[in-house]
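In mature numbering (1 follows the signal peptide of the UniProt record, and there is no 0), the protein residues as written are -25 to -1, 1 to 694.
A virtual CB, placed ideally from N, CA and C, is assigned to each residue, including glycine.
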Amino acid sequence: MNCECEMVARVSAIALLWTATAASANEGMWMPAQTAEVGAAMRADGLQIDPAQLSRLDAAPLNAIVSLGGCSASFVSPQGLVATNHHCVFRSMQYNSKESQDYLTNGFLAKSLGEELPAVPGSRIYVIEDMPDVTADMLKGVSDKLNGFARYERLDTNRKALIAACEEQPNRRCDVGSYYGGASYYLQQKLEIQDVRLVYAPGLGIGNFGGETDNWMWPRHTGDFGFYRAYVAPDGSSRPYARDNVPYRPKNWLRIASKGVQEGDFVMVAGFPGATNRFLTADEVRFNFAHYEPLLQHLLSDYAAQIKQATAGNREAQIRYTSILRGVENYKKKLAGDLAGADAIGLDGRKANEEKAFRAWVTKYPVRQTRFDAAIRELDAMVSENSRASLARLRQALLDRAQILSSARTLYRWAKEHEKPDEDRESGFQDRDRNETVDQLTQIERSYLPVIDRKLFEAALDEYRRLDAKDRDTAFETTLDQIGLDRLYADTKLADTATRLGWLGKPAAAFEASDDPFIKLAVALYPGDIAAKHAAKDRAGRSQAARAIYMHGQRAYRQAIGRPMYPDANGSLRITWGKVAGRTRDGQIWMPFTTAEGLLAKETGKGEFDAPNAAIAAIRAKDYGPYVAPALGTLPVNFLSTADITNGNSGSATLNGRGEFVGLAFDGTLEGVISDWERNADRSRSIHVDGRFMLWTMDKIDGASRLLKEMGVLPASRS
């Protein structure tokens, strides 16, 4: 066999190996541009549309997929109706609620466009338009001669220049994402829709049925869905809320499948997964599970208990702090799953073996050693330095649990940064960031009460003081002692929204002359904040230099063994797929679907298991209409799949093989969250709300026929 034939045969063998592996494990959160690498495996699993279509951001289905800046979502009508998770619209429900008008408990449904409510300040809908490779532009002027800080600054300057050029187009929000540890960079160009309105979300007894008890668990019976709508000016341009704004008309929207999924069916999830850590070194993984996550879980557990104790018996306080509490409880439970999962799969040993195999491959040939060995050793040296800093940051960050102090620090930093030209300001404090900063400062008005904030701050200070003296800020502590907690809360004017916003744009000298106690604390903290930021940039620059080369080596190694490599999740658009499938575990069989009858069996009429009376009556009467799953003979509620998702995928559209909407991804199982660190095909399952349960709730329970007609589910003539 000649060399050319031998190479063709080897590549073919690798392709076959990859197809078989991907078809069985469904691992990976793939960039649209990588469709060519995984298209054959997707087709083998049941994708019916051309895989090349999934590389196009200007065509369905991907141009119907949108980001909410933390959750994923999708257009489901020609009038800008957006489907996402109930927990993704929860803050907007909380923001619009009060004790006498409790949308959190009772749900919300706008009967007309005019009744749709402004979402919580800061809400955005981002429509992805383009995603070019900008690696060459990002690395201009970057060389080994630069120290860590200078390297970071050079990359940041290049990043800001790319963003500024992109945002010369009106109504655009752009960002540059790092892939493969800084070995590659892509720019995301997004249409930014600023007027987002709450349209519909079921009551808590459906949207969060099972509450924290069922969170991350299976079986699950949660209708975790809700709807926003995108609005723009009459001329189609993006602008903030205005009474005469009109619904946005997307170029494409997802069609609702006329037939739901059944066991074994192909499903695809398209969304914006936030962060995974699958390609860290073995030492980094070991530190995380031995030190970082145990401390973080401790801090979050205490914080949840403190919020509950501080708000007990005060319904207004519970409404204001409910979104914070849910986020804390959700994450601390996930950490528990992480820690248990790492032990269960022997993560330390697995990572050590993977690392050993990679490093043996590097040392096999001198040319590989020359290219990769120094970077590996430098990355190893960075682990202890980065690890110690990350533990200190956990406790240092507790000070921002005082929401007014956090605002004061933002305001003073804004003033200091605006002493510089815009292009030299820190990212997050440029002119482009003003609207987001205003929204951030405004949100506090519906999530803050001084008596609660003080209790939480006092607890945070107790934990902060456990830091080594060298990691604490002496100027801050001296200033706080001089002021005292009584004056801190009694004398501040920043709790008033108008006053708080009025400080945005004032010169730094005005802050330095202010008697407001929270501003005095912010001024005292500033020198330490800047010193810490400088040190963090230096570490980040040195880490990027080493990790980019390390990841080049990892990609070459995986290509050599026939395992194409996707990048870790980083908040950018990704595609993943799998099959509708249950799971067998010791002594248990997880069926792939839960049903309405299972919901009724859990119903207690109180607490987390208090479903609406209308839903209970309809289930008892088996009034399921056309939403019955034939294979089940009843109404499905949730289903499991092997699709590979993580945080940020909340609200992601779940599509069938034809690219049609069949549900929403909303959770994983506690046993499977370890997949953020290493994918385990046996343990990992994603949980989806079945589209048929969504439609049934809208039709039979909440009377949302207006929306069902708009989505093409009901005929326009139906009353």
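Start-to-end residues for the beta strand (DSSP E) that takes in residue i
i	result
proline 611	611 to 616
valine 242	241 to 246
alanine 58	56 to 59
threonine 551	549 to 554
aspartate 456	Aspartate 456 -> not in any beta strand (DSSP E); alpha helix (DSSP H) instead, spanning 449 to 458.
isoleucine 662	661 to 665
glutamate 392	Looking at the DSSP string, glutamate 392 is not in any beta strand (DSSP E); the run it does join, the alpha helix (DSSP H), is 378 to 392.
residue 697	The structure shown does not extend to residue 697, since the chain spans only -25 to 694, so no value can be given for it.
aspartate 150	147 to 154
valine 102	100 to 105
Closest by C-alpha distance to residue i, when choosing among the options
i	options	result
leucine 548	Ala39, Gly21, Ile662 and Lys86	Ala39
tryptophan 671	Asp657, Asp651 and Gly638	Gly638
leucine 460	Thr385, Lys430 and Ile282	Lys430
serine 381	Met106, Leu575 and Phe493	Phe493
glutamate 420	Val342, Glu291 and Tyr203	Glu291
proline 53	Glu411, Phe83, Glu104 and Val221	Val221
proline 140	Phe200, Pro502, Glu398 and Asn613	Strictly speaking, residue 140 in this sequence is alanine, with proline absent from that position. The shortest Cα separation from alanine 140 among Phe200, Pro502, Glu398 and Asn613 belongs to Glu398.
valine 426	Ala35, Asn146, Gly302 and Ala465	Ala465
aspartate 677	Gly182, Asp619, Leu366 and Ala332	Gly182
arginine 384	Trp336, Glu487, Gly201 and Ile294	Glu487
arginine 654	Gln144, Tyr541 and Arg407	Tyr541
aspartate 619	Pro248, Pro107, Glu583 and Gly480	Pro248
glutamine 9	Arg31, Leu22 and Gly21	Arg31
isoleucine 536	Asp406, Ala332 and Pro396	Ala332
proline 194	Gly666, Thr472 and Met566	Met566
alanine 531	Gly623, Leu179, Ala19 and Tyr155	Tyr155
residue 732	Leu173, Arg447, Gln23 and Asp20	The structure shown does not extend to residue 732, since the chain is modelled only from -25 to 694, so the question has no answer here.
Whether residue i touches residue j by CB criterion (8 Å)
i	j	result
valine 151	isoleucine 138	yes
arginine 66	glutamate 167	no
leucine 373	tryptophan 478	no
alanine 205	valine 171	yes
threonine 617	alanine 556	yes
methionine 669	glycine 239	no
glycine 516	tyrosine 127	yes
threonine 551	glycine 3	yes
alanine 377	aspartate 428	yes
valine 41	leucine 229	no
alanine 317	isoleucine 649	yes
phenylalanine 202	leucine 682	yes
isoleucine 282	glutamine 69	no
leucine 615	arginine 660	yes
Opening and closing residue of the alpha helix (DSSP H) in which residue i lies
i	result
threonine 644	Here threonine 644 belongs to no alpha helix (DSSP H), and DSSP marks it neither H nor E.
histidine 527	492 to 535
histidine 273	268 to 286
aspartate 77	Counting along the chain, aspartate 77 falls outside any alpha helix (DSSP H), and DSSP gives it neither H nor E.
cysteine 141	123 to 141
tryptophan 336	322 to 338
With 16 other Cβ atoms within 10 Å as the buried cut-off, status of residue i
i	result
leucine 130	buried
arginine 441	exposed
glycine 562	exposed
arginine 368	exposed
glutamate 635	buried
isoleucine 505	exposed
arginine 560	exposed
threonine 621	buried
serine 402	exposed
serine -2	For serine -2, the predicted structure reports a pLDDT of 40, less than 50, and the residue's modelled location is therefore unreliable. The matter cannot be settled from this model.
lysine 309	buried
lysine 508	exposed
valine 102	buried
glutamine 144	exposed
glutamate 433	exposed
residue 727	Summary: the structure shown does not reach residue 727, with the chain confined to residues -25 through 694, and so no result is reported for it.
glutamate 304	buried
alanine -4	Caution applies to alanine -4, whose pLDDT of 40 falls short of 50 and renders its modelled position unreliable; the value that the coordinates give is listed next. Flag for alanine -4 reads buried.
asparagine 588	exposed
glutamine 371	buried
lysine 675	buried
glutamine 534	exposed
glycine 89	exposed
Legend entry - Meets three-Cβ-pair contact criterion under 8 Å: the region 585 to 604 and the region 16 to 30: Taking 8 Å as the limit for Cβ pairs, the verdict is that the region 16 to 30 does not touch the region 585 to 604.
Inset, instruction - Flag this pair as touching only if the region 75 to 90 and the region 8 to 26 have three or more C-beta atom pairs under 8 Å; answer yes or no. - result: Proximity of the region 75 to 90 to the region 8 to 26 falls short of the contact definition, fewer than three beta-carbon pairs being nearer than 8 Å.
Inset, instruction - Examine the Cβ distances between the region 312 to 331 and the region 252 to 268 and report whether three or more of them are shorter than 8 Å. - result: Between the region 312 to 331 and the region 252 to 268, the count of C-beta pairs closer than 8 Å reaches three or more; the two stretches touch.
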